[in-house]
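Asks:
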Amino acid sequence: MAATKCALPEELRGFGTEISPTFRAIARTDSKPVEACLTEESAPDIGNEPIPAHRYTSYEYHREEVEKIWKKCWQVACREEEIPAVGDHLVYNVAGLSYIVVRTGEDSFKAFKNVCLHRGRRLVDSSGCGASHFKCPYHAWTWSIEGDLAWFPGKWDFPAVKDGSHDLRGVKLERWNGFIFINPDLEAGPLSEHLGGIDRHFATWPLDKRFAIWHVRKTIRSNWKVAMEAFLEGYHLMMTHPQALPSVAEQGTQYDLWQDGKTAFSRSITPAAVPSYHSKDTTALDAIKDMWALLNGLRMDDAPPLPENIKDRASLAEWRRGALAQMTGADYSGLSDAMMLDSVQYWLFPNFCPWLGEGLPLAYVFRPDADSAETCYMDAWMLIRVPDNAPRPPAGKLIELGPDDPFEPHIGAMGTIFDQDDFNMPMVQIGMHMWPDELPGVTLGRYQESRIRMLHRMVETWLGRPPG
Ligand code: FES
Ligand SMILES: [Fe+2]
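All residue numbers for the sequence shown refer to this note's numbering, where the first residue is 459 and numbers rise by one.
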């Protein structure tokens with residue numbers, strides 16, 4: 459996909475100061491050449507219209523999304539290492555639909571509609587390990603993990619069942635960078651078409667050389683777009699995550715958008731180890747100290763003194779290269795300071811947010827958890843580099859959280875941040891129901907919230923109403 463021409467002028471794309479520069483300024487002065495994908499810019503002007511609130515609350519709008527997006531689009535179901543052995547399987551539920559994803563061989567996977575073809579019971583209720591077959595709990599009809607109907611009682615009584623007629627119905631499955639994507643639409647094009655150019659950006663950052671050290675899934679009392687939008691901009695940091703401001707220059711975030719017909723991805727790059735413009739009393743060295751503490755998993759006031767050789771962004775990045783190389787055996791020497799420190803987050807339509815670089819090696823997915831506009835799942839994986847020449851270990855056990863369960867006791871510091879985000883999401887959902895009729899919709903910043911606007915452009919495009 460060709461990069462879209464930058465249409466918003468520089469002065470409308472964030473601002474920086476000497477102590478709190480924009481990412482674009484940092485990329486010009488980094489101690490090593492910044493990777494080509496991080497120097498690409500694409501900030502088209504995609505408008506400034508309000509976003510109608512009913513897109514978050516209307517059951518009819520949700521049903522349109524089910525029929526035209528969730529039944530038609532490539533979507534992430536899981537990581538490969540979450541089903542590491544033959545017969546390991548999981549249930550992928552989205553918007554009232556249900557699919558079985560199973561490892562059928564050392565390097566092969568299949569996905570099926572999760573329905574027993576006798577009388578329609580959901581065939582598999584929960585994830586499992588090492589299955590040789592799937593047996594329906596109602597009348598014992600049994601399928602192999604390849605989907606063939608293997609056995610059922612009273613065969614003499616079912617003349618309609620012929621060879622192959624009642625095999626499980628497969629859906630499309632493809633893999634990218636350790637993630638398993640499915641697509642219920644058997645007429646859909648290949649995943650490579652849907653990826654657009656995002657695979658080019660990740661070519662030098664292979665996520666299949668990583669494994670999920672943890673995977674947490676939380677039910678959120680909000681529309682899936684409300685939840686995801688909380689992660690598509692850095693504008694909320696000042697109010698929602700004030701503890702981050704001493705070492706995260708959120709006002710200098712770069713936002714990029716790429717669209718090609720029905721495919722789109724976007725990105726934000728937020729500078730780290732430099733203070734926010736909004737953290738007025740923080741010095742450049744304070745920001746380094748703060749990030750040093752964070753990278754060591756400590757609070758700033760608990761952190762050991764900064765080593766003498768760490769005095770700026772470049773030396774902090776160099777320390778991190780060494781620490782990560784020691785941990786993984788991988789070579790980090792050619793990677794930029796930005797790759798070591800900054801928060802580089804991508805989004806691929808409709809709901810997948812993989813991060814790039816060691817700043818925050820995460821991935822998120824958001825989807826309706828039921829046939830409702832009002833609730834969703836948020837999935838988050840922490841992806842750790844596998845040591846060179848070592849096999850990818852199995853994933854950490856899935857942590858499932860209800861809507862009132864906090865993240866923090868399970869995943870520590872990252873959980874504190876998610877809990878702060880989750881404090882807003884259900885309240886946004888409640889507020890959306892109160893949106894005044896005389897205001898045409900939610901107000902978005904033209905640049906800082908442009909990734910949210912791109913999400914809505916794409917949803918509307920898939921619903922058959924491409925914005926003019
Ligand atoms: S509904 Fe599954 S065996 Fe009868
Ligand atoms: Fe946040």
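We put the beta carbon where it would ideally sit given N, CA and C, even for glycine.
1. State the CB to CB distance for the pair Ala-761 and Trp-750, rounded to an integer number of angstroms; the pair is presumed to be in contact (CB under 8 Å).
2. To the nearest angstrom, report how far apart Met-459 and Trp-716 are at their CA atoms.
3. Entirely within the stretch 487-572 and at least 3 residues each: give me those beta strand (DSSP E) ranges in chain order.
4. What's the gap between the Cα of Ala-501 and the Cα of Glu-468?
5. Check whether the stretch 827-840 and the stretch 695-713 are in contact - that is, three or more C-beta pairs closer than 8 Å.
6. Any heavy atom of ligand 1 closer than 7 Å to the beta-carbon of Trp-599?
7. Identify, in the order they occur along the chain, each residue of the same chain with its Cβ nearer than 6 Å to the Cβ of Arg-471, setting aside the five sequence neighbours on each side.
8. Does the Cβ of Ile-875 lie closer than 7 Å to at least one heavy atom of ligand 4?
9. Would you call Thr-721 buried or exposed, if buried means 16 or more other Cβ atoms sit within 10 Å of its Cβ?
10. Flag Thr-698 as yes when its Cβ comes closer than 7 Å to any non-hydrogen atom of ligand 2, and as no otherwise.
11. Measuring from the CB of His-576, is there a heavy atom of ligand 1 at a distance below 7 Å?
12. Classify Trp-663 as buried or exposed, calling it buried when 16 or more other Cβ atoms lie within 10 Å of its own Cβ.
13. Any heavy atom of ligand 2 within a distance shorter than 7 Å of the CB on Ala-688?
14. Which one of Gly-554, Phe-689, Phe-810, Thr-497 has the shortest CA to CA distance from Phe-637?
15. Are Trp-532 and Leu-649 touching if we call contact CB-CB under 8 Å?
16. So, using beta-carbon positions, are Trp-813 and Ser-724 closer together than 8 Å?
17. How is Arg-650 classed by DSSP in three states: helix, strand or coil?
18. Look up Gln-896 in the DSSP assignment and say whether it is helix, strand or coil.
19. Under three-state DSSP, which class holds Lys-630?
20. Between which two residues does the alpha helix (DSSP H) holding Ile-656 run?
21. Compare the beta carbon distance of His-520 and Pro-808 with 8 Å and say whether it is the shorter of the two.
22. By the three-class DSSP mapping on this structure, what secondary structure does Ile-910 have?
23. Short check: CB of Ala-853 to CB of His-673, under 8 Å?
24. Using a Cβ-Cβ cut-off of 7 Å (strictly less than) and excluding sequence neighbours within five positions of Ile-875, which residues of its own chain qualify?
Replies: Short version:
1. 6 Å
2. Residue confidence is low: Met-459 scores 46 on pLDDT, short of 50, so the model does not pin down where it sits. Its coordinate-derived value is still stated next. Using only the alpha carbons, I get a separation of about 8 Å.
3. 533-537, 547-552, 555-563, 566-571
4. 10 Å
5. no
6. yes
7. Ala-501, Tyr-905
8. Among the ligands modelled here, namely ligand 1 and ligand 2, ligand 4 does not occur.
9. buried
10. yes
11. yes
12. buried
13. yes
14. Phe-810
15. yes
16. no
17. For the sequence presented, residue 650 should be read as Ser rather than Arg. Looking at Ser-650 - three-state DSSP - the assignment turns out to be helix.
18. The sequence given here has Glu at residue 896, not Gln. Note: Glu-896 maps to coil in three-state DSSP.
19. strand
20. 656-659
21. no
22. helix
23. yes
24. His-699
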